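Residue numbers (numbering that gives the first Met the number 0), protein chains in the order written: chain A, 0 to 153; chain B, 0 to 153; chain C, 0 to 153.
Cβ atoms here follow ideal geometry from the backbone N, Cα and C, with glycine treated the same way.
Quick caveat, the model's predicted, so the values are computed rather than measured.
Remarks on the structure that follows.
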Amino acid sequence: MDEVLRRIDELGLALPGPNIKGGNYTPFTIHGDLLFVAGQVCLRDNILQYKGTVGVDLSMKEAQDAASICALNLLAIVNQACNGDFSKVRVLKVNGFIKCLPAFEQQAKVLDGASDLLVSVFGEERGKHARAAIGVTALPRGAPVEVEAVFALR
Amino acid sequence: MDEVLRRIDELGLALPGPNIKGGNYTPFTIHGDLLFVAGQVCLRDNILQYKGTVGVDLSMKEAQDAASICALNLLAIVNQACNGDFSKVRVLKVNGFIKCLPAFEQQAKVLDGASDLLVSVFGEERGKHARAAIGVTALPRGAPVEVEAVFALR
Amino acid sequence: MDEVLRRIDELGLALPGPNIKGGNYTPFTIHGDLLFVAGQVCLRDNILQYKGTVGVDLSMKEAQDAASICALNLLAIVNQACNGDFSKVRVLKVNGFIKCLPAFEQQAKVLDGASDLLVSVFGEERGKHARAAIGVTALPRGAPVEVEAVFALR
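If you want it as structure tokens, here you go:
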């Protein structure tokens, strides 16, 4: 079994099925070895698992969980893109957008919910990524967190 | 005539001339086959076609039109970058930033104004792209929408 | 001496040491010739040099200085990534996120604080970059500006 898929399993997680897209785009594009994955929110079976503003409607723990669901949705798309063979896949860049108020300062801690999952399943060497954490006004469907990423396929 | 340019023409559109840049940057950079295009707002002949907050000052239809003008400005820059030969160009990744209030949830629908145009002119296979739609506080010149993109040149 | 390092020196600047990271990520990743650098705020010796909202707590001059500190932090990371040999390095894409109020329209002018520094040290040909300037709600640690970038290593 693929090592990444095994680690996902060991964490008690499962790759979710595809969610209905909210617009005229595709979950991923590939150019050469580069894989661009569309921004993911915390949908599971097409139902948003958290909604609202981080620090107001969601606690830090809930916001991190929302971010980890985004990351799991990213992984489900990478799985499609690499046909289930993660052996050469690396995480290059992650951008996390967090819906918050102007006084909120912990965007990085929220995004760790996604980064921790990615590093756990890919391991340090292939999982560590550059990233940016940004606090924003609003996200599609009222989501509290959106995470997008660029991967290397080999 | 180039197929992409022909489709732009058939849609009753025309590639706009370059707008005056708002800062110390360049409209595009190329590395290998990758083309990075700077974020575009809804300028035409250096005049912002819409201004303000989507959902407050602009209707959905107006916001989508603003997004499509951003996409047309992207296409004008791609045209420069590929010397008018779009035959091998593909859209890889689009990011759309929408100026809105915290309660606004339809960033994806707004960004479809740009995505629909790109898919129309490039066709499904080369036009479909990964993307992220983000609701933000404010954009340069008071613009309601900003769209940036990464393309493959061949 | 490396030309880029010489120019930094001539500007009376010095590459800062690494700052303590705010989360589970790495300052940069490399894939092929592409270098992805994590979003930088205006930290120097782990102390945020400016805090707050551009146009409210910071003047334009201060905001541009904050942006230039972000760029200097980017350069310090590029220096690590290229082992001090900037001779083939080019700036491809810069994203600047500026904490501001909805009425603020000068995100591009703020980001010029970073772009001007990059163009100064790399020169026009290798320093000119595509970019996007975005006004956002909040940034990690209460920072007023965050800048991330993609570089070509050769």
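Spatial distance of residue i from residue j (CA atoms)
i	j	result
proline 139(A)	arginine 130(B)	12 Å
phenylalanine 96(B)	valine 144(B)	6 Å
glutamate 61(C)	valine 120(C)	21 Å
leucine 100(C)	asparagine 18(B)	26 Å
valine 53(B)	methionine 59(B)	7 Å
arginine 5(B)	phenylalanine 150(B)	19 Å
lysine 98(C)	glutamine 105(A)	14 Å
cysteine 81(C)	leucine 152(C)	7 Å
valine 3(B)	alanine 13(C)	48 Å
glutamine 79(C)	phenylalanine 35(C)	12 Å
leucine 33(C)	glycine 112(A)	26 Å
leucine 57(B)	cysteine 41(B)	13 Å
serine 114(A)	glycine 16(B)	42 Å
leucine 116(A)	serine 67(A)	6 Å
tyrosine 49(B)	alanine 65(B)	6 Å
valine 118(B)	valine 135(C)	29 Å
glycine 126(C)	phenylalanine 103(A)	34 Å
lysine 92(B)	lysine 92(C)	14 Å
alanine 137(C)	leucine 110(C)	16 Å
alanine 132(A)	histidine 128(C)	22 Å
Beta-carbon contacts of residue i that lie in its chain and below 6 Å, excluding the five residues immediately before and after
i	result
glutamate 147(C)	Gly38, Asn94
Same chain, Cβ closer than 7 Å to residue i, five either side skipped, listed in chain order
i	result
isoleucine 76(C)	Pro26, Phe27, Val36
valine 55(C)	Leu100
glycine 31(C)	none
Neighbourhood of residue i by C-beta distance below 8 Å, restricted to the same chain and skipping five residues each side
i	result
glycine 21(B)	Pro139, Arg140
glycine 51(A)	Leu57, Lys98, Gly141, Pro143
glycine 83(C)	Asp1, Leu4
lysine 108(B)	Met59, Gln63
8 Å Cβ cutoff, residue i in contact with chain E
i	result
phenylalanine 27(A)	Protein chains in the displayed structure are A, B and C, and chain E is not among them.
The stretch 11–31 of chain B contacting the stretch 68–81 of chain A, beta-carbon criterion three pairs below 8 Å: The stretch 11–31 of chain B, when compared against the stretch 68–81 of chain A, does not touch it at the 8 Å Cβ threshold.
The stretch 72–91 of chain C in contact with the stretch 109–126 of chain B per 3-pair CB rule at 8 Å: With the rule of 3 Cβ pairs closer than 8 Å, the stretch 72–91 of chain C does not count as touching the stretch 109–126 of chain B.
Stretch-stretch touch, CB-based, cutoff 8 Å, three pairs: the stretch 1–12 of chain B with the stretch 34–52 of chain B: No, the stretch 1–12 of chain B is not in contact with the stretch 34–52 of chain B.
Contact list for the stretch 55–70 of chain C against chain B, Cβ threshold 9 Å: Those would be none; no residue qualifies.
Chain-ordered residues of the stretch 116–143 of chain C with a beta carbon less than 7 Å from chain B: For chain B, the residues of the stretch 116–143 of chain C that bring a beta carbon within less than 7 Å of one of its beta carbons are Val118, Lys127, His128, Ala129, Arg130, Ala131, Ala132, Ile133, Gly134, Val135, Thr136, in chain order.
Residues from the stretch 68–93 of chain B in contact with chain A, defined by Cβ distance under 9 Å: For the stretch 68–93 of chain B, the beta-carbon criterion of a distance under 9 Å to any beta-carbon of chain A is satisfied by Arg89, Val90, Leu91, Lys92, Val93.
Under 8 Å (Cβ pairs) to chain B, residues found in the stretch 0–24 of chain A: The stretch 0–24 of chain A vs chain B, Cβ under 8 Å: Gly21, Gly22, Asn23, Tyr24.
Whole beta strand (DSSP E) elements within the stretch 65–99 of chain A, 3-residue minimum: Complete beta strand (DSSP E) runs here, min 3: 89–98.
Where the stretch 93–108 of chain C meets chain B: residues whose CB sits under 9 Å from a CB there: Interface annotation for the stretch 93–108 of chain C against chain B: Val93, Asn94, Phe96, Ile97, Lys98, Cys99, Leu100, Pro101, Ala102, Phe103, Glu104, Gln105, Gln106, Ala107, Lys108, criterion Cβ-Cβ distance under 9 Å.
Cβ-based contacts, 8 Å cut-off: residues of the stretch 34–48 of chain B near chain C: Residues Phe35, Val36, Ala37, Gly38.
Ranges of the alpha helix (DSSP H) found wholly within the stretch 8–71 of chain A, counting only runs of at least 4: Here no run is fully enclosed.
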